[in-house]
Amino acid sequence: MKIKETINTFIAENTSFIFSVPAVLWQLLFLYVPLFLVLYTSFKRAADSNWLDLTFDHYRTVLGSSYFFIIGRSVCIAAGVAFLCLLCAYPVAYFLALKVNRRWKNVLLFLLTLPFWTNFLIQIYSWVFVLDQNGLINMMLLKLDIIKEPLHMINNTAAIFFVMLYYYLPFMIMPLYSILEKIQYELLEASMDLGATHWQTFKRITLTLSMAGIKTGVFLVFVPAFGEFAIPAIIGGGHHLFVGSLISHYFLIARDDQLGAAFTMISGLVLLICALFFNWFCTVPLQKTQKESA
Amino acid sequence: MTKSYGTYFLPIAVTLFYLFLYIPIFVLVLFSFNDNAFTCAWTFFTTHWYEDLFASSEVWYALKNSLVIACTTVFLSLTIGSTLVFFGSRDVVRRLQILFYGSLAMPEIVLAVGLLSLFSFFAVPLGSMTLIVGHTLLGLGYVIPIVYSRFIELDQSLIEASYDLGATQRQTFFSIVLPLLMPALLSSGLLVFIISLDDFIISFFCAGASVQTLPLYIFAVIRTGASPMINALSTIMLMFSSFFVLLFSFLHIRRTGIPQ
Numbered sequence: 149m150k151i152k153e154t155i156n157t158f159i160a161e162n163t164s165f166i167f168s169v170p171a172v173l174w175q176l177l178f179l180y181v182p183l184f185l186v187l188y189t190s191f192k193r194a195a196d197s198n199w200l201d202l203t204f205d206h207y208r209t210v211l212g213s214s215y216f217f218i219i220g221r222s223v224c225i226a227a228g229v230a231f232l233c234l235l236c237a238y239p240v241a242y243f244l245a246l247k248v249n250r251r252w253k254n255v256l257l258f259l260l261t262l263p264f265w266t267n268f269l270i271q272i273y274s275w276v277f278v279l280d281q282n283g284l285i286n287m288m289l290l291k292l293d294i295i296k297e298p299l300h301m302i303n304n305t306a307a308i309f310f311v312m313l314y315y316y317l318p319f320m321i322m323p324l325y326s327i328l329e330k331i332q333y334e335l336l337e338a339s340m341d342l343g344a345t346h347w348q349t350f351k352r353i354t355l356t357l358s359m360a361g362i363k364t365g366v367f368l369v370f371v372p373a374f375g376e377f378a379i380p381a382i383i384g385g386g387h388h389l390f391v392g393s394l395i396s397h398y399f400l401i402a403r404d405d406q407l408g409a410a411f412t413m414i415s416g417l418v419l420l421i422c423a424l425f426f427n428w429f430c431t432v433p434l435q436k437t438q439k440e441s442a
Numbered sequence: 153m154t155k156s157y158g159t160y161f162l163p164i165a166v167t168l169f170y171l172f173l174y175i176p177i178f179v180l181v182l183f184s185f186n187d188n189a190f191t192c193a194w195t196f197f198t199t200h201w202y203e204d205l206f207a208s209s210e211v212w213y214a215l216k217n218s219l220v221i222a223c224t225t226v227f228l229s230l231t232i233g234s235t236l237v238f239f240g241s242r243d244v245v246r247r248l249q250i251l252f253y254g255s256l257a258m259p260e261i262v263l264a265v266g267l268l269s270l271f272s273f274f275a276v277p278l279g280s281m282t283l284i285v286g287h288t289l290l291g292l293g294y295v296i297p298i299v300y301s302r303f304i305e306l307d308q309s310l311i312e313a314s315y316d317l318g319a320t321q322r323q324t325f326f327s328i329v330l331p332l333l334m335p336a337l338l339s340s341g342l343l344v345f346i347i348s349l350d351d352f353i354i355s356f357f358c359a360g361a362s363v364q365t366l367p368l369y370i371f372a373v374i375r376t377g378a379s380p381m382i383n384a385l386s387t388i389m390l391m392f393s394s395f396f397v398l399l400f401s402f403l404h405i406r407r408t409g410i411p412q
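Line order of the protein sequences matches chains S and L.
The opening residue of the first sequence carries number 149 in the working numbering; numbering runs sequentially from there.
The opening residue of the second sequence carries number 153 in the working numbering; numbering runs sequentially from there.
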């Protein structure tokens with residue numbers, strides 16, 4: 149009985165601590181500890197070597213090889229996808245947030261989220277049916293006599309890019325929509341009343357106010373696109389190496405954890421630099437326009 | 153009145169976008185009724201992929217695994233997340249919140265590699281448990297920000313009133329805070345459910361050979377040459393989920409009178 153009482157008082161006195169521990173511990177143990185473990189592995193000479201036998205060799209190997217070029221390619225593709233997503237998503241989000249009545253808005257939002265309910269691998273694979281040599285597009289074009297030979301539209305970087313654009317578009321629309329929805333329509337009307345053109349209103353008011361949404365959207369697309377693994381594997385036929393495919397190759401096929409860890413760390417660093425650069429890029433022009441208008 | 157380009161440009165752009173969005177869905181459903189398994193050419197209308205699907209034990213086994221993992225993940229991340237938000241002291245939660253964005257700021261493949269290293273370092277056998285651990289990590293990254301932002305919007309005087317009237321912390325949690333947080337819990341729970349059910353990368357790294365989830369099964373089938381059975385399965389899943397989403401929003405409108 150005594151023990152039970154002690155436990156009860158202990159729980160009563162430390163409720164806040166006890167209930168905070170699981171979540172924080174979970175995050176620390178399964179996110180931050182593993183990251184340190186990967187960092188440590190990247191310096192370890194070999195899997196079975198002494199635990200203090202550390203070396204920079206793996207970093208040298210990765211930086212010296214052409215694999216470094218793969219990181220560059222992944223950055224370019226992820227940035228391109230994010231930029232094109234932004235261009236395509238903005239009009240849609242703008243329309244949904246400001247131009248359409250409530251009933252249609254609900255229907256369109258429902259249609260936007262529905263594809264999330266299909267498995268994303270199947271969505272991607274469906275594009276094979278469309279783009280393949282015997283696929284839908286080639287079949288139609290051949291029937292219409294526009295082309296004589298079927299086009300090769302799959303197993304290349306352009307196809308990977310295209311399908312990534314398709315897959316990540318909703319991720320861009322959502323944050324843009326939720327920030328554009330908060331813009332008061334009166335602000336736009338006031339700007340027009342004061343003699344601004346459509347373009348000026350868009351640039352000065354809408355775009356400036358939606359900057360936070362643009363940032364979130366670009367990060368939501370750029371980060372996963374950089375580490376993309378499934379789309380190149382399915383659409384590219386596994387021949388086109390990206391950061392994600394190479395990491396999984398090191399860890400799951402080549403079983404070279406040390407080299408894989410070094411490569412993961414370097415990619416992470418590149419990603420971090422890109423994120424910081426983008427953050428700077430978004431803030432500087434904004435401050436400039438604010439200064440100009442002040 | 154001058155008419156802006158927007159009046160014509162926007163509706164056309166949006167229509168094109170939705171067409172683009174639904175091309176694969178359309179193709180998916182269409183080919184689930186196609187008689188020809190190996191090329192993409194259309195031959196005959198058939199329902200035998202649906203018959204195959206119901207006869208296949210592998211698909212149902214994978215689906216069962218996925219559902220069990222997804223439900224456990226939702227339960228775990230909601231309990232751990234909401235108790236932290238309510239019971240944790242205000243200051244601590246506000247400061248620690250940044251900790252939970254980590255899993256969103258990194259590509260999933262980095263999380264997967266980290267988890268794999270951790271499990272192999274401590275020689276933990278890979279299986280359903282390791283998958284639940286990984287998915288809950290992803291889930292917490294969504295649950296805590298969503299539930300926390302809803303919690304700080306709550307009228308704090310309600311909670312104070314509950315204490316003043318003599319309720320314990322536990323009573324306050326279960327009868328005041330939990331019902332008020334219900335919309336946030338439901339929406340974040342649903343999100344985590346979809347994420348877990350659809351997750352491929354963490355599952356690919358942390359499942360090992362012993363457990364098969366639906367995305368892993370689908371990936372294996374695609375790699376070896378897909379069978380339209382998969383199309384049939386996703387057509388059925390799509391029908392179910394759109395039915396539930398519609399039902400959900402219908403009930404919401406019935407209860408509150410406002411569309412979401």
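In this text, a Cβ means the ideal position worked out from N, Cα and C, and glycines have one as well.
Here the structure is a predicted model, which is why all the values come from computation and not from measurement.
- Under the three-state reduction of DSSP output, S:N162 falls in the coil class, being neither helix nor strand.
- For S:L259, the secondary structure class from DSSP, reduced to helix, strand or coil, is helix.
- Among the residues facing chain L, S:W265 is included, as its CB has a counterpart in that chain under 7 Å away.
- Scanning S:I308, S:L357, S:A195 for the CA closest to the CA of S:A402 turns up S:A195.
- Your pair L:G266 and S:L260 does not check out as a contact, with CB atoms roughly 32 Å apart and the cut at 8 Å.
- Here L:E260 is buried. Its C-beta has 16 or more other C-beta atoms within 10 Å.
- Note on L:K216: under 16 other CB atoms within 10 angstroms of its CB, so exposed under the neighbour-count rule.
- Taking 7 Å as the cut-off, the Cβ atoms of S:T189 and S:D405 count as close.
- L:S339 is outside the set of residues whose beta carbon lies under 7 Å from a beta carbon in chain S.
- When DSSP reads this structure, S:K192 sits in a beta bridge with S:L202.
- Residues of chain S with a Cβ closer than 8 Å to the Cβ of L:L278 do not exist; the shortest Cβ-Cβ separation is about 12 Å.
- Residues of chain L with a Cβ closer than 7 Å to the Cβ of S:G375 are, in chain order, P259, E260, I261, V262.
- For L:V344, the enclosing alpha helix (DSSP H) stretches over residues 330-350.
- When L:S184, L:G254, L:L403, L:Y213 are compared, the shortest CA-CA separation from L:L292 is found for L:G254.
- Within chain S, no residue has its CB atom less than 9 Å from the CB of L:D243, the nearest being about 10 Å off.
- Remark: C-beta atoms of S:I270 and L:S386 approach each other more closely than 7 Å.
- Chain-order list of chain S residues neighbouring L:D350: N267, F268, by C-beta distance under 7 Å.
- Burial is judged here by how many other beta carbons sit within 10 angstroms of a residue's own beta carbon; S:P239 has at least 16 and is buried.
- The beta carbon of L:S393 sits closer than 7 Å to some beta carbon of chain S.
- Taking S:G384 as reference, the option from S:G408, S:F309, S:V371 with the minimal CA-CA separation is S:F309.
- For S:N282, the secondary structure class from DSSP, reduced to helix, strand or coil, is coil.
- By the criterion of at least three beta-carbon pairs nearer than 8 Å, the region 222-240 of chain S is in contact with the region 362-371 of chain S.
- Looking only at S:A423, S:F204, S:C430, S:F411, the smallest Cα-Cα distance to S:F217 is reached by S:F411.
- Within its own chain, the residues whose Cβ lies closer than 6 Å to the Cβ of S:L419, once the five positions on either side in sequence are excluded, are F374, listed in chain order.
- Per DSSP, reduced to three states, the secondary structure at L:N186 is strand.
- Going by beta carbons, L:T231 and L:H287 fall outside the 7 Å limit.
- With a beta-carbon spacing of about 6 Å, L:Y294 and L:S340 fall inside the 8 Å limit used to define contacts.
- Look at L:A165: its C-beta is under 7 Å from a C-beta on chain S.
- L:A336 is not a Cβ neighbour of L:I296, given a cutoff of 7 Å.
- L:F352 has its alpha-carbon roughly 13 Å from the corresponding atom of L:G360.
- S:N286 sits buried, since 16 or more C-beta atoms from the chains shown fall within 10 Å of its C-beta.
- Distance between L:L390 and S:S214, taken at the CA atoms: about 43 Å.
- Using a Cβ-Cβ cut-off of 9 Å, S:I225 is close to nothing in chain L; its nearest Cβ partner there is about 13 Å away.
- The beta-carbon separation of S:H206 and S:L400, rounded to 18 Å, does not stay under the 8 Å limit for a contact.
- In the three-state reduction of the DSSP assignment, L:F273 falls in the helix class.
- In this structure, S:Y314 sits away from S:C233, with a CB-CB distance that is not shorter than 7 Å.
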